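Enquirer: For the record, the sequence lines run as chains A and B. The C-terminal position of the first sequence is numbered 495 in the numbering used here, with every residue numbered one higher than the one before it. The C-terminal position of the second sequence is numbered 495 in the numbering used here, with every residue numbered one higher than the one before it.
Protein chains: 2
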Amino acid sequence: MADLKFSISGENVNPTKFVAKSRQFTLTIDDPEGLGGTDEGANPVEFLLAAYAGCLNVMGHIVARELGIQLKSIRIEAEGDLNPAKVFGQPTTDRPGYKEIRVNIFPEADTNEETLARWLEIIESRCPVNDNLINPTPVKIGLKIPAEKAA
Amino acid sequence: MADLKFSISGENVNPTKFVAKSRQFTLTIDDPEGLGGTDEGANPVEFLLAAYAGCLNVMGHIVARELGIQLKSIRIEAEGDLNPAKVFGQPTTDRPGYKEIRVNIFPEADTNEETLARWLEIIESRCPVNDNLINPTPVKIGLKIPAEKAA
Numbered sequence: 345m346a347d348l349k350f351s352i353s354g355e356n357v358n359p360t361k362f363v364a365k366s367r368q369f370t371l372t373i374d375d376p377e378g379l380g381g382t383d384e385g386a387n388p389v390e391f392l393l394a395a396y397a398g399c400l401n402v403m404g405h406i407v408a409r410e411l412g413i414q415l416k417s418i419r420i421e422a423e424g425d426l427n428p429a430k431v432f433g434q435p436t437t438d439r440p441g442y443k444e445i446r447v448n449i450f451p452e453a454d455t456n457e458e459t460l461a462r463w464l465e466i467i468e469s470r471c472p473v474n475d476n477l478i479n480p481t482p483v484k485i486g487l488k489i490p491a492e493k494a495a
Numbered sequence: 345m346a347d348l349k350f351s352i353s354g355e356n357v358n359p360t361k362f363v364a365k366s367r368q369f370t371l372t373i374d375d376p377e378g379l380g381g382t383d384e385g386a387n388p389v390e391f392l393l394a395a396y397a398g399c400l401n402v403m404g405h406i407v408a409r410e411l412g413i414q415l416k417s418i419r420i421e422a423e424g425d426l427n428p429a430k431v432f433g434q435p436t437t438d439r440p441g442y443k444e445i446r447v448n449i450f451p452e453a454d455t456n457e458e459t460l461a462r463w464l465e466i467i468e469s470r471c472p473v474n475d476n477l478i479n480p481t482p483v484k485i486g487l488k489i490p491a492e493k494a495a
């Protein structure tokens, strides 16, 4: 299959609130007041968990169809811990991002545990967001400044 | 600083549409019709880009304050390519997730290019979502099934 390109673009409204457009959709990201934000949206690391859960859900349904599992619904809980020290420039040996992400998947399906364990194994091996989290993902960040500033 | 815990939980509405709650916020994730979805929300890998851009924005403002940069605004564009073959169970040697993510940051700031290059370097080293993408992140996925199915 040919590669697909996905994209978003956005601007900040205040130092923490960022409004991104992805096709016809508007995503508002902010930080809670306790982290210096204006709390008008879920925060970036909550968006990351939502991306992960949403991806596991789609894969869950695709793989269920392949295995002939009647999947009535999926509930997913996701959480992670991070030390905000690096974000705020405090000394730490901890990484800035999640140290670990824990997910619980509650499928309602007419099949047995063994089949569901196989189902989950396949989901994990093929979920794009899972792959981008558990394996290194190359990123390129470009700085675009007006010509007069770059002079 | 003490670790912070972030979490989301949600359920699917149809095979692709997943509605997640994160504190008081509702995040609706779906897939476009071309990928078999009902197109009622940005899709999981678009959420991932939004998480990344939102995180770079917050870090941009924190680091600007530290460096004494007057940062008026930031615009961010993010995109990535992935081969959907693995998602749909087609043969491929490609990874399921983004092969590369490209970001362009357009800061409007009253400073020079050298200072902005240093600014960006610090942002990259301290941004949680950047860390979780470029480095491996441990995940634990638990399968929770009702007792009668597990018997």
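Every residue, glycine too, gets a C-beta built ideally from N, C-alpha and C. Predicted model, so just to flag it, every value in this text is computed and none were measured.
(1) Kindly say whether E377 of chain B, judged by its beta-carbon, lies nearer than 8 Å to any beta-carbon of chain A.
(2) Does any residue of chain A bring its CB to less than 8 Å from the CB of L411 of chain B?
(3) Along chain B, which residues have their Cβ under 7 Å away from the Cβ of A491 of chain A?
(4) Comparing the C-beta of T360 of chain B with each C-beta of chain A, is any distance below 8 Å?
(5) Rounding to the nearest angstrom, what Cα-Cα distance links G404 of chain B and N479 of chain B in this structure?
(6) Taking C-beta pairs closer than 7 Å, name the residues in chain A that R434 of chain B reaches, listed in chain order.
(7) Using CA atoms only, rank isn't needed, just tell me which of B:K430, B:K349, B:I418, B:S417 is closest to E410 of chain A.
(8) So which residues on chain B does T437 of chain A lean against when the C-beta distance must stay under 7 Å?
(9) Do A395 of chain A and L509 of chain B have their beta-carbon atoms positioned less than 8 Å apart in this structure?
(10) Taking the CB atoms as reference points, tell me whether G380 of chain B and T360 of chain B lie closer together than 8 Å.
(11) Quick one: which chain C residues come within Cβ less than 8 Å of R470 of chain B?
(12) Using a Cβ-Cβ distance under 8 Å, would T481 of chain B count as near chain A?
(13) Can you list the residues of chain A that R462 of chain B reaches, using a CB-CB cut of under 7 Å?
(14) Helix, strand or coil: which one does DSSP assign to T459 of chain B?
(15) Just list the residues that DSSP pairs P451 of chain B with in beta bridges.
(16) Give me whichever residues DSSP pairs with G486 of chain A in a beta bridge.
(17) Which one or two residues does DSSP pair with I373 of chain A in a beta bridge?
(18) What residue range does the alpha helix (DSSP H) around L392 of chain A cover?
(19) G354 of chain B: which of B:A346, B:L371, B:M345, B:D347 sits nearest, CA to CA?
(20) Mark R367 of chain A as exposed unless 16 or more other C-beta atoms lie within 10 angstroms of its C-beta, in which case mark it buried.
Expert: Let me spell this out:
(1) Contact with chain A is absent for E377 of chain B, since none of that chain's Cβ atoms lies less than 8 Å from the residue's Cβ.
(2) Not flagged as an interface residue toward chain A: L411 of chain B, since no C-beta distance is shorter than 8 Å.
(3) By Cβ distance, chain B contributes nothing, its closest Cβ being about 10 Å from A491 of chain A, past 7 Å.
(4) It does; some Cβ of chain A falls within 8 Å.
(5) Rounded to the nearest angstrom, the two C-alpha atoms are 20 Å apart.
(6) A small correction: the amino acid at residue 434 of chain B is Gln; Arg does not occupy that position in the sequence shown. Residues of chain A passing the Cβ test: M345.
(7) Considering only alpha carbons, the answer is B:K430.
(8) Going along chain B, no residue has its Cβ under 7 Å from T437 of chain A, so there is no contact; the nearest lies around 12 Å.
(9) This structure leaves residue 509 of chain B out entirely; chain B is present only between 345 and 495.
(10) The answer is yes: Cβ separation under 8 Å.
(11) Of the protein chains in the structure, A and B, none is chain C.
(12) True, the Cβ-Cβ gap to chain A drops below 8 Å.
(13) The contacting residues do not exist; R462 of chain B stays about 11 Å from chain A at best.
(14) Helix at T459 of chain B.
(15) In DSSP, P451 of chain B forms a bridge with B:I418.
(16) G486 of chain A is bridged by DSSP to B:N448.
(17) Here I373 of chain A is bridged, per DSSP, to A:F362.
(18) Where L392 of chain A is concerned, the enclosing alpha helix (DSSP H) stretches over 388-411.
(19) Distance from the Cα of G354 of chain B is smallest, within the candidate group B:A346, B:L371, B:M345, B:D347, for B:L371.
(20) Taking a 10 Å sphere around the C-beta of R367 of chain A, we find fewer than 16 other C-beta atoms and assign the residue as exposed.
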